[in-house]
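Read left to right, the sequence shown gives residues 257 to 637 (this note's numbering).
Presented below is the structure to which this report refers.
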Amino acid sequence: MNSHFVRASIIAIAFTLNTASSIAQWNPARDASLFTYVFSTEGHYVNDHCLIYADSLWHVFYIDGVILFSDDKVITTMTGWDRKGNEVSIGHATSPDLRSWTLREPALSVGPKGSRDEGHVYAPSVFRDGDRYYMAYTGNERSFEGGEHLLMAASTDLYNWTKLSDQPFITPDSAWAMYMPAGENGLLGGPYSGRDPHVITDPIHGYIAYYVARLRADSLIDSTDGQRSCVAAATSSDRITWIDRGPILVRSTYDDDQAFSWNHPESPCVVMRNGLYYLFWKGGVGTRYVISNDPLEFPDTAEYQLATTHASEIFEWNGEWFITSCSRNVDDIAHKRSDRTRGLYIARLEWNGIHPFVVPFDATSAVASDVLRKALHLMLQ
257 MNSHFVRASI IAIAFTLNTA SSIAQWNPAR DASLFTYVFS TEGHYVNDHC LIYADSLWHV
317 FYIDGVILFS DDKVITTMTG WDRKGNEVSI GHATSPDLRS WTLREPALSV GPKGSRDEGH
377 VYAPSVFRDG DRYYMAYTGN ERSFEGGEHL LMAASTDLYN WTKLSDQPFI TPDSAWAMYM
437 PAGENGLLGG PYSGRDPHVI TDPIHGYIAY YVARLRADSL IDSTDGQRSC VAAATSSDRI
497 TWIDRGPILV RSTYDDDQAF SWNHPESPCV VMRNGLYYLF WKGGVGTRYV ISNDPLEFPD
557 TAEYQLATTH ASEIFEWNGE WFITSCSRNV DDIAHKRSDR TRGLYIARLE WNGIHPFVVP
617 FDATSAVASD VLRKALHLML Q
């Protein structure tokens, strides 16, 4: 039996048998009060995004979507976002301070007819290697449901980008993933299992690419196709040849006990702090995380809630930590009032030992201490 398939089963069973612990409970109103709305463009929304600092400027690259209107009213449900012609470019903006942003020309657009990214481009992840920058992103050749491909582009200045290949740089192993390289009914691509890349450099593995996938049916956990979803990983020493590492975190695709039942892990973000690796992801109503001393092994015996944010990026600048949110109001956990109508939000992170907690963007140390005191009080109740 495929080792990644067995490993995925063990991970899923471990999470099922262990009740997830938490140092905080979801509190949408509190979380909304901590974030500052810093960037938007008229008629458009920001979805999955990434940030990188270069030449005294922050750059944000993001899914650039068009808000859907009907009879001059914004449609704020999930309906219609996946329509043809939407989310067809990767937006770009810059800022010297994370507060004031300047809109730039789009970084990427969909490819020509017949290409792997003819339909949509989304979920960028930008990283630097020497004097070049690389963007991992997702492309669809038809619809969002028709196929997901992990693609790569390169730039020397973060403003002008060249797509490197029409072929995916990573293809998940179909022994464990719901991925069909030849496609369904002879069509290109395959459903699921190739989106939301997040690439980091690592002193041992070189490059690690995390991405979102769906697991095949597994008799060990009595599931059928589509019931289990994951964050998977691949590693490379040269950015050219990638080794499939299989699932590193497995969760149920749906959880009907939540206000937003789509529990599929999405928008992974991995950071290292004090020798520990943190895997953050969006699942259900907000951002969750697990901690490990190995970037490819997250034991899943504990899961922590961070905030009711969407597609968050967590990053450090000058010794301070930040967290973003996007697309909807921070307190719209059901995605019903504002989904895909909002831009970019930002707040700060402070740390209580190994655990992060959110404080206002412009928080002083006194405010941060007060937030921590209240959080600890709630934990002890």
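For each residue, glycine too, the CB sits at the ideal point set by N, CA and C.
Find out if the Cβ-Cβ distance for the pair residue i, residue j is shorter than 8 angstroms.
i           : j           : result
residue 545 : residue 532 : no
residue 300 : residue 323 : yes
residue 364 : residue 417 : yes
residue 579 : residue 294 : no
residue 564 : residue 352 : no
residue 296 : residue 575 : no
residue 453 : residue 567 : no
residue 489 : residue 552 : yes
residue 456 : residue 547 : no
residue 408 : residue 383 : no
residue 582 : residue 303 : yes
residue 414 : residue 389 : yes
residue 472 : residue 537 : no
residue 338 : residue 400 : yes
Please check the pair residue i and residue j, which I expect to be a contact at CB under 8 angstroms, by giving their CB distance rounded to whole angstroms.
i           : j           : result
residue 422 : residue 372 : 5 angstroms
residue 586 : residue 282 : Not really, about 11 angstroms apart at Cβ, beyond 8 angstroms.
residue 573 : residue 605 : 11 angstroms between Cβ atoms; not a contact.
residue 448 : residue 397 : That belief does not hold up - the Cβ atoms of residue 448 and residue 397 are roughly 14 angstroms apart, past 8 angstroms.
residue 348 : residue 376 : The pair is not a contact, with the Cβ atoms about 17 angstroms apart (cut-off 8 angstroms).
residue 462 : residue 493 : 4 angstroms
residue 307 : residue 569 : 6 angstroms
residue 345 : residue 362 : 4 angstroms
State buried or exposed for residue i, treating a residue as buried only when at least 16 other CB atoms are found within 10 Å of its CB.
i           : result
residue 317 : buried
residue 451 : buried
residue 612 : buried
residue 265 : Confidence at residue 265 is low in this model, with a pLDDT of 48, below 50, so the placement of that residue should be treated as unreliable; the coordinate-derived value is given next. Classification for residue 265: buried.
residue 607 : exposed
residue 250 : Past the edges of the chain, shown from 257 to 637, lies residue 250, and the structure says nothing about it.
residue 470 : buried
residue 464 : buried
residue 287 : buried
residue 530 : exposed
residue 503 : buried
residue 325 : exposed
residue 589 : buried
residue 595 : buried
residue 392 : buried
residue 270 : Because residue 270 sits at a pLDDT of 40, beneath the cut-off of 50, its placement in the model cannot be relied upon, and the following sentence gives the value as read from the coordinates. Answer is exposed; the Cβ neighbour count stays below 16.
residue 394 : buried
residue 313 : exposed
residue 340 : exposed
residue 497 : exposed
Please classify residue i: does DSSP put it in a helix, a strand, or coil?
i           : result
residue 593 : coil
residue 289 : helix
residue 453 : strand
residue 524 : strand
residue 284 : helix
residue 360 : coil
residue 403 : coil
residue 396 : strand
residue 339 : coil
residue 585 : coil
residue 381 : strand
residue 604 : strand
residue 372 : coil
residue 303 : strand
residue 391 : strand
residue 272 : Residue confidence is low: residue 272 scores 42 on pLDDT, short of 50, so the model does not pin down where it sits. Its coordinate-derived value is still stated next. In the structure shown, residue 272 sits in a helix (DSSP, three-state: H, G or I).
residue 458 : strand
residue 423 : coil
residue 511 : coil
residue 618 : coil
residue 469 : strand
Taking 7 angstroms as the cut-off, is the CB of residue i close to at least one heavy atom of the ligand MG?
i           : result
residue 408 : Ligands in the displayed structure: none, and consequently the ligand MG is not present.
Evaluate contact between the region 518 to 527 and the region 503 to 510, counting only Cβ atoms and requiring at least three cross-stretch pairs below 8 angstroms.
yes
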